[in-house]
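Order-wise, the sequence lines are chains A and B.
For what it's worth, the working numbering labels the leading residue of the first sequence as 1, then goes sequentially.
For what it's worth, the working numbering labels the leading residue of the second sequence as 1, then goes sequentially.
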Amino acid sequence: MSKVWLKRLLPWLIVLGSLVLWELLCVILQIEAFILPGPIDVAKALIKYPQAVFVNAMYTLFTTLTGFTMAVVFGLTLGLIVGASRTIYDGLYPIMIAFNSVPKVAIVPVLVIWFGVGVIPAIITAFAISFFPIVVNVATGLATIEPELLDVLRVLGARKRQILIKIGIPRAMPYFFASLKVAITLAFVGSVVAETVASNAGIGYLMIAASARFDVPLVFAGLVVIAAMGVILYEFFAFLERRVTFWAARDNGIVS
Amino acid sequence: MERNLIAAGGPDTFVQLDDVSIAYGGEGGTLALTETSMTIREGEFIAVVGPSGCGKSSLLKLVSGLHPAFRGSVKVAGQEVTGPLKICGMAFQNSTLLPWRTTLDNVLLPLEIVEPHASRFGAHKSEYREQARAMLATVGLSGFEDKYPWQLSGGMQQRTSLCRALIHSPHMLLLDEPFGALDPFTREELWDVVQGLWLKSRPTVILVTHDLREAVYLADTVYIFSPRPGRILSRNEVDMPRPRRLKDAYTPHFIEMTQALREQIVSGTQA
């Protein structure tokens with residue numbers, strides 16, 4: 001088998017291997033399904049409630065992507081502002097760190113008081129948890145521009161806005177895309193956490209409802225669905241990254 | 001006495017430095033350049049040579065308005081320099097090309113910034129692209145327009161960088177050791193590229209270099225600087241006709257001249 005094929009197959013083999021190991025451990029150690037169900041039990045649960053799983057998955061996908069989109073817009077804007085000005089950077093950093101240090105689970109009850117049970121707390125939690133890495137990365141991308149690159153434009157009499165558009169934004173793009181991959185997985189964490197606390201729909205709600213009935217295989221089915229959606233979206237942004245900022249990863253054979 | 005003579009300035013004076021000092025880190029900071037006076041004629045090609053850290057690069061920042069003078073005055077085209085000028089092109093030791101732009105788009109960059117080109121750029125894009133292609137052709141880069149900088153060799157990147165520095169026909173070209181990172185053969189090739197470009201449009205050039213042969217080969221006037229804080233040790237006119245050829249760099253006269261400058265640097269460093 002050639003190396004290229006091995007490289008492509010390896011992730012799948014590892015997933016398959018982990019599932020086999022998981023199932024074997026459950027069987028050999030005779031673990032009850034309501035403690036730790038094996039992958040086969042989980043798969044059965046998925047097949048048993050396809051409608052419920054699908055509808056709730058779409059609900060979670062919706063809240064996650066909505067919160068994530070807000071995080072992208074807000075994070076990119078704030079990141080550019082923070083990265084472009086040393087003063088704003090110094091001024092805003094402490095409060096941003098403080099904000100990011102607050103456990104997002106802790107704000108969900110407050111959100112429920114403000115907005116009631118439903119979509120909005122999940123969207124806001126997904127947003128709150130995923131915008132920070134975007135801001136930091138975009139700001140870092142701007143702040144680490146080589147001074148000589150700036151000089152090239154400055155001696156032409158370029159204004160700050162022109163420098164930002166011609167150099168700052170393109171230069172920050174690899175950092176931006178790197179942060180998207182982190183942010184999208186965090187957004188799932190946020191929305192699901194909010195759903196488990198305050199929702200009547202979504203994968204988080206499904207898992208809470210299932211665990212109340214001791215349907216542990218269905219709880220795990222929920223986890224698997226979230227993991228799968230996370231991987232798919234991660235891969236989507238990895239693909240976008242390779243397309244848009246191919247110049248930042250020169251040795252990957254995309255352009256040669 | 002001699003300093004006053006140098007600083008006097010005639011009708012064709014383009015750059016004039018009067019008793020200029022540059023410091024980094026404000027009052028009590030490091031002096032990079034001290035009490036320097038010089039006059040550069042319009043269209044003159046000068047080279048600045050000196051030991052590391054003698055403030056050569058600071059001089060470029062000063063003249064281009066990127067760094068303010070700590071003391072003294074800097075005038076370009078009769079105007080006191082208070083901020084970045086808009087009439088400069090600059091090339092550095094690193095080519096500082098933008099990796100997300102093709103070679104052609106890198107060369108076009110100044111035209112998107114500098115007036116009157118910037119406001120007509122959108123409407124006359126094809127015209128400007130032709131201009132950039134023609135310029136790349138003169139430095140031997142035909143066929144590489146759509147390559148990205150990281151797909152080019154170091155010498156090609158520097159050629160591109162020179163094209164970018166000159167595409168908007170600047171009045172002044174500032175070169176900060178542009179060939180320092182290149183192998184000797186490529187470097188000598190690029191000397192001719194620079195000479196050719198300069199003879200075509202005759203901008204005023206300030207070349208900062210460590211290479212005495214490079215300075216003598218390219219410049220009309222070679223300034224030797226002392227170690228930090230930099231001062232002018234001597235001003236030397238090069239009396240060789242243009243265009244100079246690479247074989248001229250191996251004549252006894254040329255070698256004598258570089259040898260003499262070399263001795264000045266060595267004695268200046270020991271003093």
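For glycine and all other residues, C-beta sits at the position ideal for the given N, C-alpha and C.
It should be emphasised that the depicted structure is a prediction, and the values quoted were computed from it without experimental measurement.
Next item on the list: Please name the residue, chosen from Ala215(B), Met240(B) and Glu256(B), that lies closest to Ala47(B) on a Cα-to-Cα basis.
Entry: Ala215(B)
Notebook entry, point to check: Where DSSP assigns a beta bridge to Thr209(B), which residues make up the other side?
Noted result: Val49(B)
Check: Comparing the C-beta of Thr204(B) with each C-beta of chain A, is any distance below 8 Å?
Finding: no
Notebook entry, point to check: So, is the C-beta of Pro184(B) closer than 8 Å to a C-beta in chain A?
Noted result: no
Next item on the list: Can you pull the chain B residues whose beta carbon is under 9 Å from the beta carbon of Glu146(A), in chain order?
Entry: Asn94 and Thr96
Notebook entry, point to check: Taking all protein chains shown into account, do 16 or more other C-beta atoms lie within 10 angstroms of the C-beta of His253(B), making it buried, or fewer, making it exposed?
Noted result: Exposed: under 16 other Cβ atoms inside 10 Å.
Margin query: If distances are taken between C-alpha atoms only, which option among Pro227(B), Asp248(B), Leu233(B) and Ile232(B) comes closest to Leu218(B)?
Written below: Asp248(B)
Notebook entry, point to check: Any C-beta of chain E sitting closer than 8 Å to the C-beta of Leu149(A)?
Noted result: Judged by its chain identifiers, the structure shown contains no chain E, and its protein chains are A and B.
Check: What are the partner residues of Thr13(B), as DSSP defines its beta bridges?
Finding: DSSP lists Arg41(B) as partners of Thr13(B).
Notebook entry, point to check: For the segment 57 to 71 of chain B against the segment 165 to 175 of chain B, are there 3 or more C-beta pairs whose distance is under 8 Å?
Noted result: yes
Check: For Thr96(B), which of Tyr24(B), Gln157(B) and Ser126(B) has the nearest alpha-carbon?
Finding: Ranking Tyr24(B), Gln157(B) and Ser126(B) by Cα distance to Thr96(B) puts Gln157(B) first.
Notebook entry, point to check: What in chain B is Cβ-close to Gln162(A), meaning under 9 Å?
Noted result: Glu112, Ile113 and Ala118
Margin query: Once DSSP output is grouped into helix, strand and coil, what is the label at Cys88(B)?
Written below: strand
Check: In three-state terms, what does DSSP make of Phe144(B)?
Finding: coil
Next item on the list: Count the CB pairs spanning the segment 105 to 113 of chain A and the segment 64 to 74 of chain A that are closer than 8 Å, and state whether there are at least three.
Entry: no
Next item on the list: Closer than 8 Å by beta-carbon distance: list the chain B residues that pair up with Ile167(A), in chain order.
Entry: The contacting residues are Leu98.
Margin query: Can you look up Leu66(B) in the DSSP assignment and give me helix, strand or coil?
Written below: coil
Note to self: Rounding to the nearest angstrom, what Cα-Cα distance links Leu244(B) and Arg101(B) in this structure?
What the structure shows: One detail in the question is off: residue 244(B) reads as Arg in this sequence, not Leu. If you take the alpha carbons of Arg244(B) and Arg101(B), they lie about 34 Å apart.
Check: According to DSSP, is Met240(B) helix, strand or coil?
Finding: coil
Margin query: For Ala238(A), which residues in the same chain have their Cβ closer than 7 Å to its Cβ, ignoring the five residues on either side in sequence?
Written below: Around Ala238(A): Lys181.
Next item on the list: Kindly indicate which residue of Ala128(A), Val119(A) and Trp22(A) has the alpha-carbon position closest to the one of Asn200(A).
Entry: Val119(A)
Item checked: Beta carbon proximity, Met90(B) to chain A, threshold 8 Å -> yes
Item checked: When Arg86(A), Ile163(A) and Ala198(A) are compared against Ile113(A), the one with the closest alpha-carbon -> Of the candidates Arg86(A), Ile163(A) and Ala198(A), the one whose C-alpha sits nearest the C-alpha of Ile113(A) is Ala198(A).
Check: Of the residues Ser21(B), Gly65(B) and Gln259(B), which one's Cα is nearest the Cα of Gly83(B)?
Finding: Gly65(B)
Checklist line | Where Tyr223(B) falls: helix, strand or coil (DSSP) | finding: strand
Note to self: Under 7 Å, CB to CB, which of the residues in the segment 146 to 157 of chain B have a partner in chain A?
What the structure shows: Tyr148 and Trp150
Item checked: beta strand (DSSP E) segment containing Arg159(B), residue limits -> Segment Gly154 to Leu166 is the alpha helix (DSSP H) holding Arg159(B); no beta strand (DSSP E) there.
Item checked: Rounded separation between Met90(B) and Thr196(A) - CA only -> 59 Å
Notebook entry, point to check: Can you name the start and end residues of the beta strand (DSSP E) that Arg71(B) belongs to?
Noted result: Arg71 to Val76
Margin query: Given this structure, state the Cα-to-Cα distance separating Ile134(A) from Pro174(A), to the nearest angstrom.
Written below: Straight through space, the alpha carbons of Pro174(A) and Ile134(A) are spaced by roughly 11 Å.
Next item on the list: Return the chain-ordered list of same chain residues with a C-beta closer than 6 Å to the C-beta of Thr103(B), the five sequence neighbours on each side being excluded.
Entry: Phe144, Glu145, Lys147 and Thr160
Notebook entry, point to check: On the three-state DSSP scale, how would you describe Arg235(B)?
Noted result: Assigned with DSSP and collapsed to three states, Arg235(B) falls in strand.
Check: Distance, Cα to Cα, Ala57(A) vs Phe99(A)?
Finding: 29 Å
Next item on the list: Could you check which residue in Leu136(B), Leu162(B) and Thr39(B) has the C-alpha nearest to that of Gly78(B)?
Entry: Thr39(B)
Next item on the list: Go to Leu150(A), then tell me how far its alpha helix (DSSP H) extends in each direction, as first and last residue.
Entry: Pro147 to Arg154
Next item on the list: Using beta-carbon positions only, say whether Gly72(B) and Ser142(B) come within less than 8 Å of one another.
Entry: no
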